[in-house]
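Chemist: Okay, so the sequence shown: first residue is 59 according to our numbering, each after it adds one.
All C-beta atoms, glycine included, are put in the ideal place defined by N, C-alpha and C.
Model, not experiment: these values are computed from the prediction.
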Amino acid sequence: MRLIVVVVVVIVIVIAVAVTITITITITITIIIFFLFLFLFFLLCLIFPTFKGFLQVLCRSVRVAPDPFPPAIGFFGCASSISSGTFPIAPT
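Quick look at the structure:
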């Protein structure tokens, strides 16, 4: 009886450790990928000065609001248009 309890406790501890390691690795990989994409985005903006203009043209072509880039929003007008709900389902 005592052996069964020990085996069950060991199995539970092993499963808990495995789940913890899996979650930790998943979160770490997600954070690394996020920062890599962020770095790549800013690198593109630095290497290609026209990349910012390309994004602005892209956002203007799919946004239905009359003023796509108010001065207060600036470069992040595209993200703001998506979050404010003025981003249409399909480009018009």
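Leaving out five residues on either side along the sequence, give the residues of the same chain with a beta carbon under 6 Å from the beta carbon of V65.
Modeler: Start at 1 with the first residue of the sequence shown, and residue 65 comes out as number 7. Once the five neighbours on either side are set aside, V65 has no close Cβ partner at all.
Chemist: Can you give me the C-alpha to C-alpha distance between V68 and A74, rounded to a whole angstrom?
Modeler: Residue 68 sits at position 10 when you count from the first residue of the sequence shown. Residue 74 sits at position 16 when you count from the first residue of the sequence shown. Taking the straight line joining both Cα atoms gives about 10 Å.
Chemist: Is it buried or exposed for P129, if we count other Cβ within 10 angstroms and need 16 for buried?
Modeler: Here residue 129 is taken as the residue at index 71 of the sequence shown, counted from 1. In this prediction, P129 scores a pLDDT of 49, lower than 50, which makes its location untrustworthy; no coordinate-derived value is stated.
Chemist: Quick check: the Cα distance between A76 and F92, rounded to an integer number of angstroms?
Modeler: One-based indexing of the sequence shown puts residue 76 at position 18. One-based indexing of the sequence shown puts residue 92 at position 34. Looking at the two C-alpha atoms, the distance is approximately 24 Å.
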